[in-house]
Structure formats: C-alpha cells, structure tokens
Amino acid sequence: MISDNLFKEIFECINSNQNKVIILDMRNIVFYNPRLFGDLEPYIDKIVFVNVGNVGSVKQRLVEDLEGLEWEGESIGFGTGLKVFMMSSNICELINSYRKDKIIEIIFDLVENENKPILLESSGLYGNYYVNIKKMFLNVDNFYFIMFCLAEMVYPYIISKRINAFVSSSKNGAIIANILGGLLDVKEVHLIGVGPKYSMELCDSVKCIQEERKYAYIFDFMCTGTELKIVSALINSKRGYLVYSAGIARYKENINFNLIKDMDVIVDTKELGIKYKIFGEPGDFEIEKEVVK
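Note that our numbering numbers the sequence shown so that position 272 is 1128, with each residue one more than the last.
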C-alpha cells in the first residue's frame, strides 16, 4: 500500500529532482487511495512506472489519475515525453543495476580492516576483514533498503518450499529474521547459544523445532558456516527439515556443506572487491603479511 505520507515523500523526491527521470517500482503494490497520483500530472514526462499489476485495480487507478500515460506491455507506464528515453533504455536492467550498485555501496561501507587478525566469533577463526552488520542498523534508510531487497529475494522460496518458520542463531540474524518474519508473515525461532563462543545452553528454544516442519536459516554474514552446521544438526535431531538459507553476505560463493540445496545472499565479498581470507591462528595472519610484502 502507498500511504498518504509515503506519497508525500515520493512527490518531494520528484519535485526536487526535476532534471532526472524518476523510475517508480510498483512491485507488490496492491492498493493506494483513489486520485492520489493525480498530483503528479505536471511531472508525467519525467516518470516511469514499472511492475504495475492489476491486483487491487492499481493499473486502472493510474490510468485514471494520469491520463497522459503510455504503456509498454502490461506493466510499464511512462509519459509521452519519454518515448526516446524508453526506446534507448532497458528499464529492467537499469533497476537491477541500480539495486546491485546500491547494495554493494551499503555493504562495502560496513567492511572494517583493522590491519590485524579479527576474531570471528561464530567459528573461532580469524579474518583479515570484518563485515560489521551492526553499523547498518544505525542508518534507517539503508537498513530498510537491505531488508526489503532480502525480503524480495526470500519470498519466492517461502511459497515454493512452503516454509513454516525462519530459524536464526546469532543476535544479528535474530533481528533480521524477526523483521523478515513481520514483513512476510512467517514465524521465527531463535536458537540461543549456537557457536563456539557460547555454551550450548539451548534451553527451551530447541523445543520450538517441530517434526516434519520446514525451516529457512536466516543469517547476516556467513564465513565458514559453523553455525549452519549446528543448526542443521539440531533441526535434523528433531526430525524437521532445513530446506533453505538466506542472508546479507557470505565469504565465498561456493559454500556448500551438502546440508542444504538452496542458499542465497544479496552480495558476495568478491563483488565488494575485497580479498577476504580466514586464518586458524593469529600468527598465520602475520605470516601472510610477510609473504605479501
């Protein structure tokens, strides 16, 4: 739904960027108040609507609000003055490219390099970089952007695999799973105490894992997958199924523990342009530095 307050923000964005073409992604929008978009009529030649659906009469209302819209296919609307722009641009590629660039920009800003071995609490190993997801929580706009990108990525699997609940094992993962659960109407289970730093005091949380239920593991950043292995074993011990895993970022693309077929992240460290490495002992980091010199 597009509320009146959200529309005010959209209007201000368009009004303050009059020399730019504004692309409004209407994906998952199923309702807005009648005549709401009528105020955009003066700016129609700088706006492109994409992913417009017929659910809730959204497309019909746009047609009524903005009579000057032309349509490319069933889901892309634009002003007459943008014909040349539309002929020379692939809108879907533009959107995907912008999203990927924005994601990389946000996550790259979270990467810390202290020029010393950094303990990775989930595995007990050391790394030369640290993706500090906690910093993302301080910027509300960036945080919501990443959450909605993650929700959009996860949603098809919830439907196709009939996920019963999200499961998490870290504090950051629990926050992300809780928000995703709220957005997508999926229950969450947080397994307290998973990981080498913590004792295995699982208390009553593991009792929430039910037989024959399907679970999706939600994480922030995955390094070696230690916590995933433990969570998988716990779910198997309760005769449940871990069928999917998703998070913000991971150390490398080919993490595969033969525990789970489908794992998604919105960015890999290789896309950030950093040479991420892990070490068994702090001294290994110093040896690596000497070799590089």
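A virtual CB, placed ideally from N, CA and C, is assigned to each residue, including glycine.
- Item | Candidates Val940, Cys1079, Leu1047: closest to Ser1088 by CA position | Leu1047
- Query: Helix, strand or coil: which one does DSSP assign to Glu1008?
  - Reply: helix
- Task: Please work out which residues of its chain come closer than 8 Å, Cβ to Cβ, to Ala1007, disregarding the five sequence neighbours upstream and downstream, and give them in chain order.
- Result: Leu1036, Leu1039, Leu1040
- Item | Cα-Cα separation, Val1062 to Ile1019 | 17 Å
- Task: For the alpha helix (DSSP H) holding Arg1106, just list the boundary residues, first then last.
- Result: No alpha helix (DSSP H) contains Arg1106, which is instead part of the beta strand (DSSP E) from 1097-1106.
- Cβ-based burial, Pro1138 [other Cβ within 10 Å; buried from 16]: exposed
- Item | Arg973 classed as buried or exposed, judged by whether at least 16 other C-beta atoms fall within 10 angstroms | Looking at the sequence itself, residue 973 is Pro, so the reference to Arg does not match. Pro973 comes out buried.
- Item | Tyr982 vs Glu968 beta-carbon contact at 8 Å | no
- Message: Among Lys1027, Leu950, Gly909, Asp1076, whose alpha-carbon lies nearest the alpha-carbon of Tyr888?
- Response: Gly909
- Task: Below 8 Å on the Cβ atoms is my guess for Asn907 versus Met882; work out the distance and round it to an integer in Å.
- Result: 5 Å
- Task: Any chance you could list the alpha helix (DSSP H) runs of at least 4 consecutive residues sitting entirely within the region 940-975, in chain order?
- Result: 947-964
- Shortest alpha-carbon distance to Ile989 belongs to which of Phe867, Ser859, Arg1106, Phe863? Arg1106
- Query: How many Å lie between Glu1067 and Arg1095 at the Cα?
  - Reply: 5 Å
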